[in-house]
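S.K.: Residue numbers (the UniProt record's numbering): 1 to 639.
Below is one structure. I have some questions about it.
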Amino acid sequence: MSKTIKLTTSQALIKFLNNQYIYFDGEETPFVEGIFNIFGHGNVLGIGQAMQEDTGDLKVIQGKNEQGMAQAAVAFAKENFSRKIFAVTSSIGPGSANLVTASATALANNLPVLFLPGDTFAIRQPDPVLQQIEHFHSQKITTNDALKPVSRYWDRIERPEQLMAALLRAFEVMTNPETAGPVTLSIAQDVEGEPFEYDEAFFEKRVHYVDRVIPSEEALHRAADVLKKAEKPLMVIGGGAKYSMAGKEIADFSQKYGIGMVETQAGKSTVSSSHPYNLGGVGVTGTLAANKAAKQADLIIGVGTRYTDFTTSSKTAFSFEEAAFININVSRMQTYKFDALQLVGDAKVTIQKLHRLSGNKKKAFADELIEYKQEWEDERNRLAEIQVDLNEESYQPEVQDAFGREQLKAYAEALDTKYAQTTALIKVNEIIDPSSYVVTSAGSLPGDMHRIWNPTIDNTYHVEYGYSAMGYEIAGSLGVKIAHPDKEVYSMVGDGSFLMLHSEMITALQYNHKINIILFDNSGYGCINNLQMGHGSDSYCTEFTKTDGSILNIDYAKVAEGYGLDTFTARNNEELEQALEASKKSTKSTLIQIKVLPKTMTDGYESFWNVGISKHSSNQNVMSKVPEVEDMRSRAKQY
1 MSKTIKLTTS QALIKFLNNQ YIYFDGEETP FVEGIFNIFG HGNVLGIGQA MQEDTGDLKV
61 IQGKNEQGMA QAAVAFAKEN FSRKIFAVTS SIGPGSANLV TASATALANN LPVLFLPGDT
121 FAIRQPDPVL QQIEHFHSQK ITTNDALKPV SRYWDRIERP EQLMAALLRA FEVMTNPETA
181 GPVTLSIAQD VEGEPFEYDE AFFEKRVHYV DRVIPSEEAL HRAADVLKKA EKPLMVIGGG
241 AKYSMAGKEI ADFSQKYGIG MVETQAGKST VSSSHPYNLG GVGVTGTLAA NKAAKQADLI
301 IGVGTRYTDF TTSSKTAFSF EEAAFININV SRMQTYKFDA LQLVGDAKVT IQKLHRLSGN
361 KKKAFADELI EYKQEWEDER NRLAEIQVDL NEESYQPEVQ DAFGREQLKA YAEALDTKYA
421 QTTALIKVNE IIDPSSYVVT SAGSLPGDMH RIWNPTIDNT YHVEYGYSAM GYEIAGSLGV
481 KIAHPDKEVY SMVGDGSFLM LHSEMITALQ YNHKINIILF DNSGYGCINN LQMGHGSDSY
541 CTEFTKTDGS ILNIDYAKVA EGYGLDTFTA RNNEELEQAL EASKKSTKST LIQIKVLPKT
601 MTDGYESFWN VGISKHSSNQ NVMSKVPEVE DMRSRAKQY
């Protein structure tokens, strides 16, 4: 008869988490790094008590906002290529509801996180408890049901013994490259503290073996034959390539055959920007070089990409009628996109095998790629030296002319700046150590960074654009710093995203995880204002203005200083250089607020984004944009 051990459900949970390992490429490591927590009445007396008694080797980090700490866990998983995770526990009701955005972020990016929200009572005797919602048609529904559509696996624990089967299923999902994503185990708060005689064998060391999936030989030979015939092949490097750690294999493959490379946000920095055939970001936020090459390519090789609308310019980026497609992905569903030849497999081993089968002939496309890249470098150099002149006699819009001179002059006066965002961003790129990690997520900064940020060291570019969650930037930087404690981490955040969520910078201070926040302040939601005005609308509810029309000028440096960060302000290159050098020397978290002029970000470069547009309006500027949008829609691939 097997031996048992008496534990509460929560004690059993913690004991199990301590004994989960992952085996990948010959290396065995613990899978669960620790637990982020915010305690409330739904978890403090159950999971909280179990943690207080014995957390084993798990790191414990107290969060300040449920969404924030969960986004940090998402970023941590991303930086560890899904080989290591944090669990996240919250109370019931609002606490668990705050996890929804972060869980959606993890799901969109295929990243494993274990969510452990408390729940109402399994016995239901005290219902409705504090923070419980009630439905007339079912008492089974709680706030945690909101996590179902944004979880890869979801379960509710209403008896202690249910924990065992639920945990085994959860870890199978999280450690499987094809299904990796967030798991929610909703545990009733009375059950958290309920004891049970658990089988001791359940808590023995468990190793989750992850093998690299290899496509069939027949599929590889078919793909090699297609590649041999192609004259202008182009690889689209996605997040799956990065998680596979396939950078060297892709770079060598590209170099040997003269195959162009373009990058999604998730795939950027898988290969160094210095590679001669790496043309940078593609699609709506792509470089001119990448978007030109995409239109010319007669073979598209998708490497770990989902082909989102930003990557494909809403399915107008490629010559779909002329080009063939080969898709490499661990997800069979993803390989089917664009009627591609399907290579269901791990990016690294698939590229290795394709490399061996593809002959020795270099493509003539290589020379064209180098020309495209040089053309883009010239444009990037121009963007690095924007000098905005708003004098009435010599006014010249340097990047975008949506506002007009008078509005830009008002911003220049209110913010006391004529600094261009592109100039500032490239200056940051030049000054910080190339081994530093940069993080962003939403607004105009991901677009600018996708185009003009040049990472020369692999995997140092961390942009969450699968869900593009505002507020991820600072929380994500904390997760990246925990993953790389010996590296500088820079959060690139707009003023809009900063106002959404910045509470985890307190956690960074509390646990001495130094992050550097670089806040670009243009007093508004600049990205959406561009979208609005670019489609003929007037500027409306996207600027930070008072009721009298005056522009808000918030001193974010004082806000951060009050929290305890070292802070700086920059309005030109010289001030920015000084601030960056000082922030390097600081031993605690820093914030540099950069006052930048609206409309000085990058734009366009032969891309199209299909968004909803009003087809009936009293605004003739709106109506004038409809034919252009409809024309582009008619050119787009429909599936």
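A virtual CB, placed ideally from N, CA and C, is assigned to each residue, including glycine.
Determine the DSSP secondary structure at M601, reduced to helix, strand or coil.
M.R.: coil
S.K.: List the DSSP bridge partners of K595.
M.R.: D521
S.K.: Hey, is the region 172-187 in contact with the region 105-114, meaning 3+ C-beta pairs nearer than 8 Å?
M.R.: yes
S.K.: Using the beta-carbon count (16 or more within 10 Å), is R83 buried or exposed?
M.R.: buried
S.K.: With a 10 Å radius around its C-beta and 16 neighbouring C-beta atoms as the bar for buried, classify residue 669 as buried or exposed.
M.R.: As shown, the chain starts at 1 and ends at 639. That puts residue 669 outside it, with no answer to give.
S.K.: Can you tell me whether D211 is buried or exposed, with buried defined as 16 or more other CB within 10 angstroms of its CB?
M.R.: exposed
S.K.: Which same chain residues end up closer than 7 Å to residue 647 when comparing Cβ atoms and leaving out the 5 residues on each side of it in sequence?
M.R.: In the structure as shown, the chain starts at 1 and stops at 639, and residue 647 therefore has no counterpart that could be examined.
S.K.: Hey, does L580 have any beta-carbon neighbour from chain D nearer than 8 Å?
M.R.: Protein chain content of the structure displayed is limited to a single chain, and chain D is not contained in it.
S.K.: Tell me the rounded alpha-carbon separation between residue 643 and N278.
M.R.: Missing from the structure shown is residue 643; the chain here goes from 1 to 639 and no further.
S.K.: Could you pull the start and end residues of the beta strand (DSSP E) that T4 belongs to?
M.R.: 4-8
S.K.: When you compare each of Y153, P128, R152, A290 to T142 by their alpha carbons, which one comes out closest?
M.R.: P128
S.K.: Relative to the alpha-carbon of G238, which residue among N327, G404, E375 has its alpha-carbon at the smallest distance?
M.R.: Ranking the options by Cα distance to G238, first place goes to N327.
S.K.: Are the region 255-269 and the region 460-475 in contact at 8 Å, needing three or more beta carbon pairs?
M.R.: When Cβ pairs closer than 8 Å are counted between the two stretches, the region 255-269 is seen to touch the region 460-475, the count reaching three or more.
S.K.: To the nearest angstrom, how far is it from the Cα of K148 to the Cα of W154?
M.R.: 6 Å
S.K.: Based on DSSP bridge pairs, tell me the residues matched to Y21.
M.R.: Within the DSSP bridge table, the entry for Y21 names P30, V207 as partners.
S.K.: Tell me, which residues are paired with I35 by DSSP?
M.R.: Answer is V60, A87, bridged to I35.
S.K.: Looking at the strands, I want to know which residues DSSP matches up with T545.
M.R.: I551
S.K.: In whole angstroms, give me the CA-to-CA distance for V282 and D486.
M.R.: 32 Å
S.K.: Considering only the alpha carbon of each residue, which of S331, H208, S624 lies closest to I613?
M.R.: S624
S.K.: Keeping to the same chain, check which residues put their C-beta closer than 6 Å to that of N516; ignore five residues upstream and five downstream.
M.R.: Y490, S583, T590
S.K.: Less than 7 Å between C-beta atoms, sequence neighbours within five positions excluded: which residues of the same chain meet that for L17?
M.R.: V32, L58, A87
S.K.: Quick one: complete beta strand (DSSP E) runs, 3+ long, within the region 292-363?
M.R.: Listed in chain order, the complete beta strand (DSSP E) runs (minimum 3 residues) inside the region 292-363 are 299-303, 324-329, 341-344.
S.K.: Using three-state DSSP, classify P128 as helix, strand or coil.
M.R.: DSSP, read as helix, strand or coil, puts P128 in coil.
S.K.: Looking at C-alpha atoms only, which residue of T9, D190, S539 is the closest neighbour of A165?
M.R.: T9
S.K.: Which one of Q593, E575, L565 has the shortest CA to CA distance from Y556?
M.R.: Q593
S.K.: Pair every Cβ in the region 418-432 with every Cβ in the region 561-581, then say whether three or more of these pairs are closer than 8 Å.
M.R.: Taking a contact to require three or more Cβ pairs closer than 8 Å, the region 418-432 and the region 561-581 qualify as touching.
S.K.: Identify every residue that forms a DSSP beta bridge with S186.
M.R.: R156
S.K.: Looking at the structure shown, is I237 part of a helix, part of a strand, or coil, going by DSSP?
M.R.: Strand at I237.
S.K.: So, helix, strand or coil for L116, using DSSP?
M.R.: Correct three-state label for L116: strand.
S.K.: Determine the direct distance from the alpha carbon of A402 to that of Y525, and round the result to whole angstroms.
M.R.: 14 Å
S.K.: DSSP three-state call for M470: helix, strand or coil?
M.R.: coil
S.K.: Determine the extent of the alpha helix (DSSP H) in which F253 is found, giving its start and end residues.
M.R.: Unbroken alpha helix (DSSP H) run through F253: 247-257.
S.K.: Is it true that the CB of M449 sits closer than 8 Å to the CB of E473?
M.R.: no
S.K.: Taking contact to mean 3 or more Cβ pairs, one atom from each stretch, closer than 8 Å, check whether the region 602-613 and the region 312-328 are in contact.
M.R.: yes
S.K.: Helix, strand or coil for A289 per DSSP?
M.R.: A289 falls in the helix class under three-state DSSP.
S.K.: Taking C-beta to C-beta, are D199 and S497 nearer than 8 Å?
M.R.: It is not a contact, given that the beta carbons lie outside the stated cut-off.
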